[in-house]
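Following the numbering used here, the residues of the sequence shown are numbered contiguously, the last one being 258. Built from N, CA and C at the ideal position, the CB exists for glycine as well. Every value quoted in this text rests on a predicted model; they were computed, and no experiment measured them. All remarks here apply to the structure that follows.
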Amino acid sequence: MIGELTKGDCSMFGAWGKSVPVEGSLLQLRALDWSVDGPFKDFPQVTVYHPTEGNGHAFANFGWTGWIGSITGMSSKNMAISEIGVTFPDETFGKESRFGVPFTYLLRDILQFDNTIDDSINRIANSQRTCDLILGVGDGKMGEFRGIQYSASVANFMDDVNMKPR
93 MIGELTKGDC SMFGAWGKSV PVEGSLLQLR ALDWSVDGPF KDFPQVTVYH PTEGNGHAFA
153 NFGWTGWIGS ITGMSSKNMA ISEIGVTFPD ETFGKESRFG VPFTYLLRDI LQFDNTIDDS
213 INRIANSQRT CDLILGVGDG KMGEFRGIQY SASVANFMDD VNMKPR
């Protein structure tokens, strides 16, 4: 539950279309901007999951020893996730809640179970959300990325056309 408490101060971007050398492709980045003085830098781990048939698809989780949620990862379905914590949210985020699906589990479920960006949008929109974040979901098959203003109160999806949450 560390993710819910820290909300992960990070950086991310998604680039596609004419912004990348090969049209139809996607570049997605997520950087963890946590203190290098803490213990996490000493225990990095990439875990590759191969679920049993009928229980999702393979995915890689980039985290630490003992970390079972996801804050960065990609799946065999060319889906990828990113997140940024929001330290000083404005009023458009609404209220937070500690009751709901921890965001690290929601992001892990996107990697394990979702086939397309539309699946991920549906999962996020219909989830019982918790804390204030900016999420990123990329679909390498479609060459698309969405940024999501995420809180218990809202799930606003942004792309290159509607870059401001509504």
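- Inter-residue Cα distance where the pair is Leu-118 and Val-138: If you number the sequence shown from 1, residue 118 lands on position 26. If you number the sequence shown from 1, residue 138 lands on position 46. One C-alpha to the other measures close to 22 Å.
- Length of the line joining the Cα atoms of Phe-185 and Glu-236: Taking the first residue of the sequence shown as position 1, residue 185 is located at position 93. Taking the first residue of the sequence shown as position 1, residue 236 is located at position 144. Using only the alpha carbons, I get a separation of about 24 Å.
- Query: The beta strand (DSSP E) with Thr-196 in it runs from where to where?
  - Reply: Residue numbering aside, residue 196 sits at position 104 when the sequence shown is read from its first letter. Note, Thr-196: premise wrong, no beta strand (DSSP E); alpha helix (DSSP H) at 195 to 205.
- Since Ile-209 is in the alpha helix (DSSP H), which residue starts that stretch and which ends it? The residue given as residue 209 occupies position 117 in the sequence shown. Note, Ile-209: alpha helix (DSSP H), 209 to 218.
- Starting from the C-beta of Val-246, find all residues in its chain whose C-beta is less than 6 Å away, skip the five residues before and the five after it, and write them out in chain order. Numbered from its first residue, the sequence shown carries residue 246 at position 154. Hits under 6 Å: Gly-186.
- Using the Cα positions of Pro-194 and Val-114, report the straight-line distance between them to the nearest angstrom. On the sequence shown, residue 194 is found 102 positions in, with the first residue counted as 1. On the sequence shown, residue 114 is found 22 positions in, with the first residue counted as 1. About 36 Å.
- Query: I think Ile-173 touches Thr-164, with their Cβ atoms under 8 Å apart; what is that distance to the nearest whole Å?
  - Reply: In the sequence shown, residue 173 corresponds to position 81, counting from 1. In the sequence shown, residue 164 corresponds to position 72, counting from 1. About 7 Å; that satisfies the 8 Å criterion.
- Where does Val-178 land, buried or exposed, given buried means 16+ other C-beta within 10 angstroms? Start at 1 with the first residue of the sequence shown, and residue 178 comes out as number 86. Per the 10 Å Cβ criterion, buried.
- Task: In angstroms with no decimal places, state the Cα-to-Cα distance between Phe-180 and Gln-220.
- Result: Position 88 of the sequence shown, counted from the start, is the residue given in the question as residue 180. Position 128 of the sequence shown, counted from the start, is the residue given in the question as residue 220. One C-alpha to the other measures close to 22 Å.
- Item | From Gly-239, Gly-230 and Ala-244, residue whose alpha carbon lies closest to that of Asn-254 | Position 162 of the sequence shown, counted from the first residue, corresponds to residue 254. Cα-wise, what sits closest to Asn-254 is Gly-239.
- Message: For the pair the stretch 193 to 213 and the stretch 140 to 155, tell me if three or more CB-CB distances fall below 8 Å.
- Response: yes
- Message: So, for Met-166: in the same chain, excluding its five sequence neighbours on each side, which residues have a beta-carbon less than 6 Å away from its beta-carbon?
- Response: Numbered from 1 along the sequence shown, position 74 holds the residue referred to as residue 166. Excluding positions up to five away in sequence, the list reads Ala-152 and Ala-172.
- Query: Whose CA, out of Lys-169, Ser-189 and Asn-218, lies closest to the CA of Thr-208?
  - Reply: Looking up residue 208 in the sequence shown gives position 116. When only C-alpha atoms are compared, the closest one is Lys-169.
- Give the DSSP bridge partners of Phe-105, in chain order. Locating residue 105 in the sequence shown gives position 13, where the first residue counts as 1. In the DSSP output, where bridge partners are listed per residue, Phe-105 has Leu-121.
- Message: Rounded to whole angstroms, what is the Cα-Cα separation between Trp-159 and Asp-129?
- Response: For the purposes of this step, residue 159 is taken as the residue at position 67 of the sequence shown. For the purposes of this step, residue 129 is taken as the residue at position 37 of the sequence shown. If you take the alpha carbons of Trp-159 and Asp-129, they lie about 19 Å apart.
- Option in Asp-231, Met-250 and Phe-132 with minimal Cα separation from Asp-211: Along the sequence shown, read from residue 1 onward, the residue named residue 211 stands at position 119. Answer by Cα proximity: Asp-231.
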